[in-house]
Each structure stands twice: as C-alpha cells, then as structure tokens.
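So the structure is just underneath, and the comments pick up after that.
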C-alpha cells in the first residue's frame, strides 16, 4: 500500500514541453493568428502538443476569435423576451407570369413593363427576438415608416 501512495504522488515532468517552446507557441499564436497545425510546424512540436499548450494558456480556438483583432468574440443575450428585437426589410423583385427577360429576352419582356401582372417588389419585413430567437416575417406592400411601425404591432 505504501508503494502505491508513493507512486501516485511522484510525477515525472521529464516529458513536459520546455517552457521556451511553450512561450514560442503562445507568441506565434498571438502574432500570426494561426491554428495548432501551422503552429506545430513552426515550433517543431506535434499539433496535439500545440493544442494542449494553447488550452493551458487559455487561448481560445480561432473560430471563437475575431479575425481582425484576435480577441475572443463576446456574444450577448438579453434576459427578457422583447428587450432587444432586430428588424430588417428585404426588397425582392417579383418575376412576372411567363418569365422575365432572362427567359424571354429583353425585347420580349418590354410589353410587361406597362402591365401590372404580378411584377414589382415584395418587401419582406422580419423581426428577430434576441432572447427567444423567435422570428416573424410578413410580406408587406412597401417599406415606409408607417408600414414598418404597423409591422411591430
């Protein structure tokens, strides 16, 4: 029983990555914003070792960082429904019955300019709640302030 306790408490650090290599990996990551595989090639260690070094120093994965600054992206979520709502209007061109100029050619599509045959624009008003992620979309006739305000009600 004594031998088991001695073995459990003695740790062999002879296989640990040298501190100089760890500092080099961390420095390269901060300077170049590259992942573990490329860092491993530059530092001369395995990619798994590089990944462990980055995790040990609290450096997040590149997908969790802003590309321009390298800082971790801080996401937010509001605490109550309706506290923050994102509203957007998307203007989409309608294609007339029988096809547009891509199908019929420009000259054949000219007569459709004078007639109202379903052509024009569709205005898709969308609201997205930050807390619940509930989305609502309506096709409304225009994108004026009065229409947008009516969409919120």
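Numbering (the numbering used here), first residue to last: 452 to 604. All C-beta atoms in this analysis are idealised placements derived from N, C-alpha and C, irrespective of residue type, glycine included.
Residues near residue i by beta carbon distance below 6 Å, same chain, minus five either side
i           : result
residue 475 : 494
residue 577 : 539, 588
residue 471 : none
residue 513 : 486
residue 580 : 532, 536
residue 501 : 476, 487, 490, 491
residue 570 : 545, 547
Beta-ladder partner(s) of residue i, from DSSP
i           : result
residue 538 : 578
residue 590 : 575
residue 544 : 572
residue 516 : 523
Sequence-distant residues of its chain with Cβ nearer than 7 Å to residue i (five each side left out)
i           : result
residue 523 : 511, 515, 516
residue 573 : 543, 545, 590
residue 528 : 581, 582
residue 593 : 574
Through-space distance from residue j to residue i, alpha-carbon basis
i           : j           : result
residue 575 : residue 548 : 20 Å
residue 599 : residue 557 : 34 Å
residue 486 : residue 526 : 22 Å
residue 499 : residue 483 : 19 Å
residue 467 : residue 508 : 15 Å
residue 504 : residue 586 : 41 Å
residue 595 : residue 601 : 10 Å
residue 530 : residue 521 : 28 Å
Environment of residue i [buried if 16+ CB atoms lie within 10 Å]
i           : result
residue 534 : exposed
residue 488 : exposed
residue 478 : exposed
residue 506 : exposed
residue 496 : buried
residue 518 : exposed
residue 604 : exposed
Residue i Cβ short of 7 Å to the ligand GTP heavy atom set
i           : result
residue 469 : Of ligands this structure carries none, so the ligand GTP is not represented either.
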